[in-house]
Every structure is written in structure tokens, then in C-alpha cells.
Amino acid sequence: MKFKVSEDVDAPRALVWARLTDFSGFEQDARGRGATVTRVANWTSPAEGVEWRGEVTVRGKLRPVSAKVTRLVAEETCVIESRIGGMECLYEMTFVALTPEVTRVALVLDLSAQTLTARLILQTMKLARGRVVQRLQGMIARQGNAVEAAYRKQKGT
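Residue numbers 41 to 197, in our numbering, belong to the letters of the sequence shown in order.
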């Protein structure tokens, strides 16, 4: 099942890329939501092949999580493959410079179930597809707004 959203961010592509591939912020956000996340091999900067392992509560049950950056092309694309319990997730962000100061961020989340439990969760998500897309759009909009605010502050306007 695929979910697609996009957001135009009023900031240069290099800045948008740098902010949205700063994974330490995402790790803190996940921890704030009750997940345990640790970096495999204690890497310090984003690169292809970096990994995370951890656990997250889904539907009241603790499930293992693993994620790996499988494609990272500077200022263009970032692909993260992850597995949460019996569900495989492909998270792809693409960055397109519309103008020197406007960047479109396109987000694709592709989910596939490998177990019966994951199929049930995915079926529930299909029924609530509109709400899931809305939440993804809200998430990317919040991140975009934060990048825009940082860019305006940096420019001094």
C-alpha cells in the first residue's frame, strides 16, 4: 500500500536536504513517542548503509524495529527501508528545486505486510487511508515550516 504526499518549502534545496536528513531529530521524536532506538555501529553522519535497531509499541504490543538507509544521493533523494514486526516499509524522500529558494519535498511511504497481524494492521490503515495521508501531510508540513523558519532567521528577515 502506497501513500504519497508532497510539500513546497520556501528554502534552498541544500538547506531542506540538510534539515530533513538530520536523523538525530527523528530519533529524539521516536524516543518521545515511547520507542527505543539505537544506532548500529554508532555512526555520526548520514550515509548509505547506516542502520537503527529498536522496539516500538504497536497496538499495545512491543514490536522489533530495524531501519537502514539504502539510498542517499545528496540534495536529491533519501530512501530508508525498515521493518516493524511483520511489516516492511519503504520511505522515500525526493527533493526537487523548483526555484533557487523553493524546494518540493515528495514523500512516498510503501507498506507491505509479511504476517497475518501486519495484514490486519495494513487493512485498518486502508480503511483510514484519508486520515493516514492527512497525518503524513501534516508531518511533512511541520518539518517544512521548521526549515522555512530557520531559513528566514538565517537570512535575517
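Idealized CB from N, CA, C, for every residue including glycine.
All of these numbers come straight from a predicted model, not from anything done at the bench.
Residue range of the unbroken alpha helix (DSSP H) whose run includes residue i
| i | result |
| --- | --- |
| residue 71 | 63–72 |
| residue 181 | 169–195 |
| residue 54 | 53–60 |
Same chain only: Cβ atoms within 6 Å of residue i, ignoring 5 sequence neighbours per side
| i | result |
| --- | --- |
| residue 146 | 46 and 134 |
| residue 130 | 121 and 150 |
| residue 8 | For the chain, the structure presents residues 41 to 197; residue 8 sits outside this window and is missing. |
Residue span of the beta strand (DSSP E) that contains residue i, given as start and end
| i | result |
| --- | --- |
| residue 94 | 91–98 |
| residue 88 | Residue 88 -> no beta strand (DSSP E), and no H or E assigned at all. |
| residue 48 | 42–49 |
Span separating the alpha-carbon of residue i from that of residue j
| i | j | result |
| --- | --- | --- |
| residue 49 | residue 68 | 23 Å |
| residue 59 | residue 171 | 26 Å |
| residue 61 | residue 86 | 7 Å |
| residue 161 | residue 97 | 13 Å |
| residue 123 | residue 109 | 12 Å |
| residue 153 | residue 102 | 17 Å |
| residue 179 | residue 83 | 26 Å |
| residue 140 | residue 53 | 8 Å |
| residue 64 | residue 81 | 15 Å |
| residue 90 | residue 66 | 14 Å |
| residue 163 | residue 176 | 18 Å |
| residue 195 | residue 142 | 14 Å |
| residue 70 | residue 192 | 27 Å |
| residue 72 | residue 41 | 27 Å |
| residue 115 | residue 128 | 25 Å |
| residue 137 | residue 79 | 31 Å |
| residue 144 | residue 165 | 26 Å |
| residue 168 | residue 148 | 17 Å |
| residue 190 | residue 107 | 28 Å |
Spatial neighbours of residue i in its chain, beta-carbon cut-off 7 Å, leaving aside the 5 residues before and after
| i | result |
| --- | --- |
| residue 173 | 43 and 45 |
| residue 159 | 153 |
| residue 126 | 153, 154, 155, 157 and 158 |
| residue 201 | Look at the range of the chain in this structure, 41 to 197, and you will see that residue 201 is not part of it. |
Beta-carbon proximity list for residue i, same chain, < 8 Å, skipping 5 on both sides
| i | result |
| --- | --- |
| residue 187 | 49, 51, 55, 56, 59 and 60 |
| residue 75 | 94, 95, 96, 97 and 105 |
| residue 117 | 111, 132, 133, 134 and 135 |
Requested in this report: May I have a chain-ordered list of the beta strand (DSSP E) segments no shorter than 3 residues that lie completely inside the region 107–158?
Outcome: 117–124, 127–139 and 142–153
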